[in-house]
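Chains as they are written, first to last, in our numbering: chain E, 2 to 402; chain G, 142 to 309.
The beta carbon of each residue, even a glycine, is placed where N, CA and C say it ideally should be.
All figures in this text were calculated on a predicted structure; none of them were measured in a lab.
These notes are about the structure you will find just below.
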Amino acid sequence: MSGRLTSSNKVAVVGYAHSVVQRHNPRPLGALTVDIVRAAIADAGLVPAQVDGIVAATLFPSAGSHTIEDGVHTVTTTWLAERLGASPRYVAGFQGVGQVSGSVALAVNAIVSGAADHVVLYRSLHNPRGSYHASATDAFGGPAQWTAPTGYFGPLAMIALPYNEYLQRYGATREAMAAVLVEARKNGARIPWSYWYGKPLTAEQYLAAPTLTDPICRYDCDIPVDGVAAFVLTSADRAVDGPNRPVYVSGYAHAVPKTNNRLPLHWPLDDIMTAGLDTARRLWESSGVKPGEVDLPQLYDGFSPFVWFWLESLGLCPVGEAHRFVQDGRIDSDRPDGLPVLSGGGALGNGRMHGIPQMLECYLQLAGRAGDRQRATATLAVACQSSPHYGGAVVYSVDPF
Amino acid sequence: MIPAGTAGAAGVPVPAGAGTGTPAAGSPRPVPVPDEQSAPFWAATARHMLTAARCARCRSLTIPPDQVCPHCDATDPEFVFEPVSGRGRIRSWTVVRQSFLPGFNAELPYLLVDVELDEQQELRMIGRLLDGPDSPVRLGTPVRVAFEDVADGVSIPAFVLADGQEDA
Ligand SMILES: [Zn+2]
Chain E
2 MSGRLTSSNK VAVVGYAHSV VQRHNPRPLG ALTVDIVRAA IADAGLVPAQ
52 VDGIVAATLF PSAGSHTIED GVHTVTTTWL AERLGASPRY VAGFQGVGQV
102 SGSVALAVNA IVSGAADHVV LYRSLHNPRG SYHASATDAF GGPAQWTAPT
152 GYFGPLAMIA LPYNEYLQRY GATREAMAAV LVEARKNGAR IPWSYWYGKP
202 LTAEQYLAAP TLTDPICRYD CDIPVDGVAA FVLTSADRAV DGPNRPVYVS
252 GYAHAVPKTN NRLPLHWPLD DIMTAGLDTA RRLWESSGVK PGEVDLPQLY
302 DGFSPFVWFW LESLGLCPVG EAHRFVQDGR IDSDRPDGLP VLSGGGALGN
352 GRMHGIPQML ECYLQLAGRA GDRQRATATL AVACQSSPHY GGAVVYSVDP
402 F
Chain G
142 MIPAGTAGAA GVPVPAGAGT GTPAAGSPRP VPVPDEQSAP FWAATARHML
192 TAARCARCRS LTIPPDQVCP HCDATDPEFV FEPVSGRGRI RSWTVVRQSF
242 LPGFNAELPY LLVDVELDEQ QELRMIGRLL DGPDSPVRLG TPVRVAFEDV
292 ADGVSIPAFV LADGQEDA
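And the structure:
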């Protein structure tokens, strides 16, 4: 069964906090997370004792050889629950790839069901010392035995194959991606907390960068960072009493791919688009919103080709046309007729904050809190995360229609 | 550069590092650690034979096998590795210029191909194309399996360009 969620517009985002995004934060990730979460609670006009729900996803997204320690490399909800000073009765982690959109779904369901009244949602990202993805392992068991010995290893090759499949199928070129990078970095350069603050990128700089795994160059990949963001969600009834304009969660959907047991990290273009189109269909049904009504679609861009894949999955342009759609200023957030798909800078313009830049931009614009970047019209927004075939998306609204 | 015809089906071993003409140095090429299910696959590659796992319930082929057949959802697929032709067509490719595995540093740059095997729609494998990074590849280019002998008794499947058949 599908259709509009009974929770549609029954829950709202009512506050947030965000750390500076930098390559290495001198403070330990756990303590920084506690600080940011407490700041978000205060921003929502609450005190920690009023928070009774804690949700997050804690994936540490590295292919490299790293030991993962709770509170250091990642921060689980149970770790935080012991240290926040809240009164938690619903503590849950999202086990999936659309980490932020998946956490939003947990929060919405907890609030609508009565499992919690005020839920804090956070994402803590850590950039380990040493090479992010490199592995010194020279013998691979488990799933990687099928790929690493053949030279297929790590996320750059993972995204390079469907990206090149797209270029070949639709006659696109790497030059067409420059518009995506220029737009992401233009907007990231205006965001004070961004790693790329004050550092825009030109098309010439982008195209001059050597490819690492053709056609991917370093600018096509978000840069690993230390950073924390947190949001507070509560019921629509309570939200109107807070200090900020509520931003309602109208719907959400997550991908459930049937990939016929691919090799590890093998993401054929047809897998991405088949599951992505299904995800988008359920997203629109869940929210009662149509793609043409969205004036702030914040597309995921952890790797630049995802912007094209999401544009097509969401129905914002025809399949095979995204590489043309992004040209000639059509995604320029400074143009009145531009579709602002990266106005929050995305991951390419902020750093590897997973789905946070997309959710944050939706929240700030719809709450009227975007400051100098505030758009005149921002009423219906979408925040996407990850690949369309493993991730998810959330629809936000200024009105509880 | 490995001329097509000296590797793979003919059974001529291709030493690791030969893909770029550079001697393998430093870190060894990573090797698989076979498990109970995958052991027949790696035993076959050691004999330069490519196999795929066939489900006893629906007869579909799968690489790699899982606990549940991805085609018929059987929980008792009783997969058996059977020889396949090793022929297929390129669905995508990439040139790897920076490796996250030290064992491939001597091979850089190298071409990886995403191959759909002839035996079954969407039966896909990824491997190095041993003809070199500048090989003329496009969607649908025919290839056939080859093997790299990376350690004593360990051979890794790869591909080489197949002759002709562009319009086959
Ligand atoms: Zn079967």
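For E/Q23, which three-state DSSP category applies? Residue state, collapsed to three classes: strand.
Counterpart residues of G/A193 in DSSP-defined beta bridges: DSSP output for G/A193 lists G/E223 as bridge partner(s).
Just list the residues that DSSP pairs G/R228 with in beta bridges. Bridge partners of G/R228: G/R285.
Just mark E/Q96 as buried or exposed, buried being the case when its beta carbon has 16 or more other beta carbons within 10 Å. Exposed is the call here.
Please determine whether the Cβ atom of G/A215 lies at a distance below 7 Å from any heavy atom of ligand 1. Result yes, Cβ under 7 Å from ligand 1.
If you follow the alpha helix (DSSP H) that E/R124 is in, where does it begin and where does it stop? Boundaries for E/R124: no alpha helix (DSSP H) harbours it, while the beta strand (DSSP E) harbouring it runs H119 to L126, taken from the DSSP string.
Any chain G beta carbon closer than 8 Å to E/Q169: Judged by the 8 Å Cβ criterion, E/Q169 is in contact with chain G.
Using 10 angstroms around the beta-carbon of E/I273, count the other beta-carbons present and answer buried if the total reaches 16, otherwise exposed. Answer is buried; the Cβ neighbour count reaches 16.
Got a sec: is the Cβ-Cβ distance from E/P269 to anything in chain A below 8 Å? Considering every chain present, this structure includes no chain A. Its protein chains are E and G.
Sorry if obvious, but does the Cβ on E/S136 come closer than 7 Å to a heavy atom of ligand 1? No.
E/C385 CB to nearest heavy atom of ligand 1 below 7 Å: No.
By the three-class DSSP mapping on this structure, what secondary structure does E/H268 have? In the sequence on display, residue 268 of chain E carries Trp and not His. In the structure shown, E/W268 sits in coil (DSSP, three-state: anything other than H, G, I, E or B).
Compare the C-beta of E/W1 against all C-beta atoms of chain G and say whether one is closer than 8 Å. Any question about residue 1 of chain E goes unanswered here, given that chain E covers just 2 to 402.
For chain E, check one thing: does any of its Cβ atoms lie closer than 8 Å to the Cβ of G/P164? Per-residue confidence for G/P164 stands at a pLDDT of 42, beneath the threshold of 50, marking its modelled position as unreliable; no derived number is given.
Taking the alpha-carbon of E/L343 as reference, which of E/Y301, E/A145 and E/W285 has the nearest alpha-carbon? Nearest C-alpha to E/L343: E/Y301.
Pull up the distance between the alpha-carbon of E/Y17 and that of G/L258, whole angstroms please. Each residue's Cα considered, the two are about 50 Å apart.
Per DSSP, which residues does G/D217 bridge with? Please list them. BP columns for G/D217 are empty, so no partner.
Determine the closest residue to G/C124 out of G/P205, G/S240, G/T282 and G/C213, with distance taken between C-alpha atoms. Nothing in the structure corresponds to residue 124 of chain G, since chain G is present only between 142 and 309.
For G/G162, three-class secondary structure by DSSP: Because the pLDDT of G/G162 is 39, which lies under 50, any placement of that residue in the model is unreliable, and the question is left without a value.
Mind checking E/P144: buried by the 16 CB within 10 Å criterion, or exposed? By the neighbour-count rule (16 or more Cβ atoms within 10 Å), E/P144 is not buried but exposed.
With a threshold of 7 Å (Cβ to nearest heavy atom), would G/A212 be considered close to ligand 1? Note that residue 212 of chain G is His in the sequence shown here, rather than Ala. Under cutoff, so the answer is yes.
Cut-off 7 Å between Cβ atoms - residues of its own chain near E/V22, not counting five sequence neighbours on either side: So the qualifying residues of the chain are W194, S195, Y196, V226, G228, N351, G352 and M354.
Determine the extent of the beta strand (DSSP E) in which G/R265 is found, giving its start and end residues. Unbroken beta strand (DSSP E) run through G/R265: R265 to L270.
Could you compute how far the alpha carbon of E/V396 sits from the alpha carbon of G/I231? Answer to the nearest angstrom: the Cα atoms are 38 Å apart.
Using a threshold of 7 Å, is the CB atom of G/S110 nearer than that to any non-hydrogen atom of ligand 1? Here chain G comprises residues numbered 142 to 309, so residue 110 of chain G is not present and cannot be evaluated.
Contained beta strand (DSSP E) runs [length at least 3] in the segment 280 to 313 of chain E, N- to C-terminal order: Fully enclosed beta strand (DSSP E) runs of 3 or longer: 297 to 299.
Closer than 9 Å by beta-carbon distance: list the chain G residues that pair up with E/S136, in chain order. Under the 9 Å cutoff, chain G gives P171, F241, L242 and P243.
Distance between E/N262 and G/P205 (C-alpha atoms, nearest Å): For G/P205 and E/N262, the gap between their C-alpha atoms comes out near 7 Å.
Using a threshold of 7 Å, is the CB atom of E/R263 nearer than that to any non-hydrogen atom of ligand 1? Checking the Cβ of E/R263 against ligand 1 gives no.
With which residues is E/A13 paired in a DSSP beta bridge? Per DSSP, E/T235 and E/Y249.
Taking 8 Å as the CB-CB cut-off, is G/H189 touching chain E? No, its Cβ sits nowhere closer than 8 Å to a Cβ of chain E.
Note down, in chain order, each residue of its chain lying with its Cβ closer than 6 Å to the Cβ of G/G162, except the 5 sequence neighbours on either side. Annotation note: pLDDT 39 at G/G162 (below 50); position unreliable, coordinate value reported separately. Excluding five sequence positions before and after G/G162, none of the CB atoms of its chain fall closer than 6 Å to its own CB.
Taking all protein chains shown into account, do 16 or more other C-beta atoms lie within 10 angstroms of the C-beta of G/P171, making it buried, or fewer, making it exposed? With 16 or more other Cβ atoms within 10 Å, it is buried.
Tell me, please, whether the segment 358 to 369 of chain E touches the segment 203 to 222 of chain E by the rule of three or more beta-carbon pairs shorter than 8 Å. No, because fewer than three Cβ pairs between the segment 358 to 369 of chain E and the segment 203 to 222 of chain E fall closer than 8 Å, the two stretches do not touch.
Express the C-alpha separation of E/G316 and E/A281 in angstroms, rounding to a whole number. C-alpha separation (whole angstroms): 8 Å.
Between G/A292, G/V286 and G/G244, which has its C-alpha nearest G/V225's C-alpha? The closest CA to that of G/V225, considering only G/A292, G/V286 and G/G244, is found on G/V286.
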